[in-house]
Amino acid sequence: MGLKTPLYDTHVREGAKIVDFGGWDMPLHYGSQIDEHHAVRTDAGLFDVSHMAVLDLGGARVREYLRFLLANDVAKLKTPGKGLYSCLLRDDGGVIDDLIVYFMTESWFRMVVNAGTRAKDLAWLVAKAADFGVSIQERRDLAMLAVQGPNARAKTASLLPAPQRDAVLALGPFVAAEFGTWFVARTGYTGEDGFEIALPAPAAAAVWTALRAAGVRPAGLGARDTLRLEAGLSLYGNDLDEKHDPLSSGVAWTVAFEPAERQFIGRGALERARAALRFELVGLLLEDRGVLRSHQPVMTALGPGEITSGTFSPTLLRSIALARVPAGTQGAVQVEIRGKLLAARVVKPPFVRHGKPLISM
Numbered sequence: 000m001g002l003k004t005p006l007y008d009t010h011v012r013e014g015a016k017i018v019d020f021g022g023w024d025m026p027l028h029y030g031s032q033i034d035e036h037h038a039v040r041t042d043a044g045l046f047d048v049s050h051m052a053v054l055d056l057g058g059a060r061v062r063e064y065l066r067f068l069l070a071n072d073v074a075k076l077k078t079p080g081k082g083l084y085s086c087l088l089r090d091d092g093g094v095i096d097d098l099i100v101y102f103m104t105e106s107w108f109r110m111v112v113n114a115g116t117r118a119k120d121l122a123w124l125v126a127k128a129a130d131f132g133v134s135i136q137e138r139r140d141l142a143m144l145a146v147q148g149p150n151a152r153a154k155t156a157s158l159l160p161a162p163q164r165d166a167v168l169a170l171g172p173f174v175a176a177e178f179g180t181w182f183v184a185r186t187g188y189t190g191e192d193g194f195e196i197a198l199p200a201p202a203a204a205a206v207w208t209a210l211r212a213a214g215v216r217p218a219g220l221g222a223r224d225t226l227r228l229e230a231g232l233s234l235y236g237n238d239l240d241e242k243h244d245p246l247s248s249g250v251a252w253t254v255a256f257e258p259a260e261r262q263f264i265g266r267g268a269l270e271r272a273r274a275a276l277r278f279e280l281v282g283l284l285l286e287d288r289g290v291l292r293s294h295q296p297v298m299t300a301l302g303p304g305e306i307t308s309g310t311f312s313p314t315l316l317r318s319i320a321l322a323r324v325p326a327g328t329q330g331a332v333q334v335e336i337r338g339k340l341l342a343a344r345v346v347k348p349p350f351v352r353h354g355k356p357l358i359s360m
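Under numbering that gives the first Met the number 0, the letters of the sequence shown match residues 0 to 360, in that order.
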């Protein structure tokens, strides 16, 4: 038996197929992964993401601490509630985790990290915090819901009283605010608009039920993966890991090399890697019949590569992937699937965003 979120019993009552995910018993789907995927693309879907860790970081030097800790620069965060996506790096540039951090006050930042990396993230954060006098509180008292899709914001807002309804709808992208006991962020992992909501764990089941009554369809890990891959979003453990730096993992844009005087963990390794980039993460579209999967070899004119994430896209009705290949790879490549070489084409992710294909077919 694995760890259970506060919504486990709700998932069982909804008929979810439960699977192990990083030590957690989580819903894979509620009957049809494909229908759940399309619901998010066309209307609104509801995910339990309570397995992720919410951390509150406090102290007079917390901003200074995060400027040293993260590859992206929290100096960019000037408005309360504004969020920033970043990688947490080792000294050699390997990615410990990818995360979102929110600036709430000069003495309080909130961080959301992945479930499977919770223990090592906390150990790393705590080990570095002492020099800055920063406190770290893991908010095990909170559950998290993600409501995603073109109608997700309106259906979520319908649960709130009028003044809060208007305020939550006015939130800008990648901005969070507190609404009573809810911490609502206009973020997501699907390529659609929506909210991620942290709220007291005892209230999660009632809010889930209310969102269902408002017409939001439950969705599991299966749809979450096809949606994020269509959106070109990296998955830790597949596209990101400790063996590879952000520059070769499709998230080079999250590394703030300026200002040059800011010293952050892994900077030296990244500067060396930037000067002699060997690999990069690209999108692949399969031209032949088949399904792209993780770890399949990729043959390019510049040398071998490997698929890091692959799936059949329910929106495009084609097989797509992210692959780590030699830097500069373009055009036609081949993917080895069950001993056969199949034709594929390098494309620039995302494949789909806001329900619309973004690549030529």
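Cβ coordinates follow ideal geometry from the N, Cα and C atoms, glycine included.
query	result
Could you tell me whether the region 196–212 touches the region 142–158, using the rule of 3 or more Cβ pairs below 8 Å?	yes
Which of the three DSSP states is assigned to residue 63 in this structure?	helix
Between which two residues does the alpha helix (DSSP H) harbouring residue 405 extend?	This structure leaves residue 405 out entirely; the chain is present only between 0 and 360.
For a minimum of 3 consecutive residues, which ranges assigned as the beta strand (DSSP E) are wholly contained in the region 71–157?	82–88, 94–104, 107–112, 134–137 and 141–147
In the DSSP assignment, what residue or residues form a beta bridge with residue 304?	297
What does DSSP give as the partner residues of residue 235 in its beta bridges?	239
With a 10 Å radius around its C-beta and 16 neighbouring C-beta atoms as the bar for buried, classify residue 190 as buried or exposed.	buried
What does the Cβ neighbour count give for residue 12, buried or exposed, with the cut at 16 atoms within 10 Å?	exposed
Just the Cα atoms here: how many angstroms apart are residue 68 and residue 338?	44 Å
Are there 16 or more other CB atoms within 10 angstroms of the CB of residue 329, so buried, or fewer, so exposed?	exposed
Is residue 248 helix, strand or coil when you go by DSSP?	coil
For a test of the three-state rule: what should DSSP assign to residue 283, helix, strand or coil?	strand
Tell me which same chain residues have a C-beta within less than 6 Å of the C-beta of residue 32, skipping the five on either side of it?	221 and 222
Hey, residue 117 and residue 52: beta-carbon distance below 9 Å or not?	yes
Three or more C-beta pairs closer than 8 Å, one from the region 285–294 and one from the region 350–359: is that the case here?	no
Determine the direct distance from the alpha carbon of residue 346 to that of residue 297, and round the result to whole angstroms.	14 Å
If you draw a straight line from the C-alpha of residue 211 to the C-alpha of residue 263, how long is it?	44 Å
Can you tell which of 121, 37 and 280 has the C-alpha that lies nearest to the C-alpha of residue 148?	37
Which of helix, strand or coil does DSSP assign to residue 32?	helix
Figure out for me which residue from 171, 186 and 167 has the closest Cα to the Cα of residue 177.	167
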